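Chains as they are written, first to last, in this note's numbering: chain A, 65 to 146; chain B, 46 to 193.
Structure (structure tokens):
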């Protein structure tokens, strides 16, 4: 299963990449599972960042939200626009 | 709804929003501006980043929800991205309705939800260094007023 990952703002800066396409092992099927898996793949900041938000296919998502093949999953800090 | 680097002309936007619609008895608007200080430190400039695609989707959903809650006619959101300086305009929200109550409420609702749900991030260059702006709990509280 392949998903497109995007990082924004302070998280993008800390990781040094705007995003990546990853092939997920079987068993990684939720946002929470994906975050844990990425943290174990050298993206430790994903585990330590406080109040991290996530969107799946550009809709706000929670830890239990399903991740499917071809999804676009974004991780970012709380928003500060306006 | 527009996301743009360029500045906007508030007067022209408000005039266009209500043009030719004689049902409109009220037009409420809000303009957000770059301040020259934040948390006690001077702000020299800032950069606004966003998530292209999701930003538009989120703002469309917020406006749609406002239209579901109040009897309003037109709603406009313009949000700038890219480099900005103190005194620059950041955001315009404007709403038309028959009467002021609904226009005021919908305008404030859109702004409160934008602050907590639209994927924009501010990075400030301040007298004590560059930093990403932290989200404020007061913004979460403002948005929560409209729930439940």
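The C-beta atom is built at its ideal place from N, Cα and C for all residues, glycine as well. These numbers come from a predicted model, not from an experiment.
Residue j and residue i - do their beta-carbons sit closer together than 9 Å?
i	j	result
residue 137/B	residue 126/B	no
residue 73/B	residue 139/B	yes
residue 141/A	residue 113/A	yes
residue 66/A	residue 94/A	no
residue 100/B	residue 165/B	yes
residue 131/A	residue 88/A	yes
residue 82/B	residue 76/B	no
Can you tell which of the options has its C-alpha closest to the C-alpha of residue i?
i	options	result
residue 152/B	174/B, 117/B and 102/B	117/B
residue 137/A	98/B, 128/B, 180/B and 156/B	98/B
residue 84/B	172/B, 128/B and 148/B	172/B
residue 144/A	60/B, 183/B, 61/B and 105/B	183/B
residue 93/B	163/B, 114/B and 146/B	163/B
residue 120/B	169/B, 91/B, 62/B and 187/B	62/B
residue 86/B	176/B, 181/B, 187/B and 193/B	176/B
residue 70/A	84/A, 90/A, 107/A and 80/A	84/A
Report back the beta-carbon spacing between residue i and residue j to the nearest angstrom; my notes put them in contact at under 8 Å.
i	j	result
residue 178/B	residue 167/B	4 Å
With a threshold of 9 Å between beta-carbons, can residue i be considered close to chain C, or not?
i	result
residue 53/B	Chain labels in this structure do not include chain C; the protein chains are A and B.
How should residue i be labelled, buried or exposed, when 16 other C-beta atoms within 10 angstroms of its C-beta is the threshold for buried?
i	result
residue 75/A	buried
residue 78/B	exposed
residue 95/B	buried
residue 92/A	buried
residue 50/B	exposed
residue 105/A	exposed
residue 99/A	buried
residue 124/B	buried
residue 69/B	buried
residue 157/B	buried
* May I ask you to list, following chain order, the residues of the region 87 to 110 of chain A that have a beta carbon less than 8 Å from some beta carbon of chain B? => Per Cβ criterion, the list is empty.
* Could you run through the region 100 to 129 of chain B and flag, in chain order, every residue whose CB is less than 7 Å away from some CB of chain A? => Within the region 100 to 129 of chain B, the residues whose Cβ lies closer than 7 Å to some Cβ of chain A are 102 and 124, listed in chain order.
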